[in-house]
Amino acid sequence: MAPIRYGLEDVRGVLPPRRYDSHKGDFGHVLVIGGNHGMSGAARLVAEGAARLGAGLVGVATRALSAPMLAATRPELMVHAVEHADDLKMLLPRATVIALGSGLGRDDWAASMFAVAMSADLPKVIDADALSFLPTLSERLSDAILLTPHPGEAARLLEVSGEAIQRDRLGAVLALRARFGGVWVLKGAGTLMAGEDGVYQCAHGHPGMASGGMGDVLGGMLAALLAQGMQASVAARLGVVLHGAAGERAAQAEGGRGVLALDLLPHARVLLEQVCPC
């Protein structure tokens, strides 16, 4: 089975225009969970991606030491210092989507945050460190959950080498879905998405995107699309296409080397308006 290649023209109109009398509550509340000690920047990138792609509200649940930096650098974010599981439980009733894993870590705090987040019956984007906790789950994931590993993370989940993943990326993304459930986005050149409606391959991207934080921004973008009511598999296709095409635009504008993750967002917003006008 060959994947279906898709690009900007294939996602035109998949996100409906907004009503004239819309308000922020119509477009969801993304709760980003992450930013363990020394990794606050990862949570910041996710939150920025969610805010810039149209989430109505974006909150961040993070370690107490990380909270001041996050609040100071982006005042639109609602930043919560969360040190215990009960602190996170108090935030969940207001959330409509969870973005879990960027800068989460793998310590006891991370494990407790993962357990509480997974207990919530909400759409989720699971990435980075949160992926390492998937083998602890006793049930298959629903198709409302998006998972976004890079090849190294996919290799650890499937207990194979990174080289094996890259030799058969299609087989890998299908194996991840078969083992865990959910909708999978296997990042890398020619990003693959496997969901209930088949396997798709993104036609966009640029080698200049090989830099830190790109996946965090993508995770936030995907969470924003879920928050606006999109089905996970459709959100995956739209978000990945916008991310890849924005990387191309950023590289064309200023050169491929040195493109940073946040450089993509102005281009992603323009592209989203072109294919799905507000």
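If you read the sequence shown in the numbering used here, its first letter stands for residue 593, the second for the next number, and so on. For each residue, glycine too, the CB sits at the ideal point set by N, CA and C. Just so you know, these numbers come straight off a predicted model, no measurement behind them.
Query	Result
To which residues does DSSP link Ile718 through a beta bridge?	Leu692, Leu739
Looking at Gly839: is its Cβ nearer than 8 Å to the Cβ of Val826?	no
Go ahead and label Glu865 buried or exposed: buried means 16 or more other beta carbons lie within 10 angstroms of its beta carbon, across all protein chains shown.	exposed
Is it buried or exposed, Ile757, if we count other Cβ atoms within 10 angstroms and call 16 or more buried?	buried
Would Glu745 be called buried (16 or more neighbouring beta carbons within 10 Å of its own) or exposed?	buried
Does DSSP classify Thr665 as helix, strand or coil?	helix
How big is the Cα-Cα spacing for Leu856 and Gly836?	9 Å
Assuming Gly811 and Val638 form a contact by the criterion Cβ under 8 Å, report the distance between their Cβ atoms to the nearest whole angstrom.	5 Å
Evaluate contact between the segment 786-793 and the segment 615-632, counting only Cβ atoms and requiring at least three cross-stretch pairs below 8 Å.	no
Once DSSP output is grouped into helix, strand and coil, what is the label at Ala795?	coil
Need the endpoints of the alpha helix (DSSP H) that Ala815 sits in, please.	806-819
For Leu762, tell me which candidate among Thr783, Ala702, Met801, Ala720 has the shortest Cα-Cα distance.	Thr783
Measure the alpha-carbon distance for Glu601 versus Leu623 and round it to whole angstroms.	30 Å
Is the segment 686-698 touching the segment 660-668 in the sense that three or more CB pairs, one from each, lie closer than 8 Å?	no
Near Leu683, what residues of its chain come up, given a Cβ to Cβ distance below 7 Å and the 5 sequence neighbours on each side ignored?	Leu623, Gly651, Ala653, His672
Whose CA, out of Val862, Tyr612, Gly626, lies closest to the CA of Val717?	Gly626
For the beta strand (DSSP E) that Val650 lies in, which residues bound it at each end?	649-654
Would you report the Cα separation of Leu680 and Met593, rounded to the nearest angstrom?	42 Å
Near Met806, which residues of its chain fall below 6 Å by C-beta distance, leaving aside the five closest residues on each side in sequence?	Ala853
What does a CB cutoff of less than 6 Å around Gly754 pick up in its chain, not counting 5 residues either side in sequence?	Pro743, Gly744, Ala747
Hey, would you say Val929 sits closer than 8 Å to Leu738, going by beta carbons?	One cannot answer for residue 929 here, as it falls past the ends of the chain, which runs 593 to 870.
Can you look up Gly603 in the DSSP assignment and give me helix, strand or coil?	Gly is not the amino acid found at residue 603; the sequence shown has Val there. Of the three classes helix, strand and coil, the one that applies to Val603 here is helix, per DSSP.
Going by the CB atoms, is the gap between Pro715 and Val752 shorter than 8 Å?	no
Take Phe772 as the anchor and find which of Thr728, Leu863, Met631 has the nearest alpha-carbon.	Thr728
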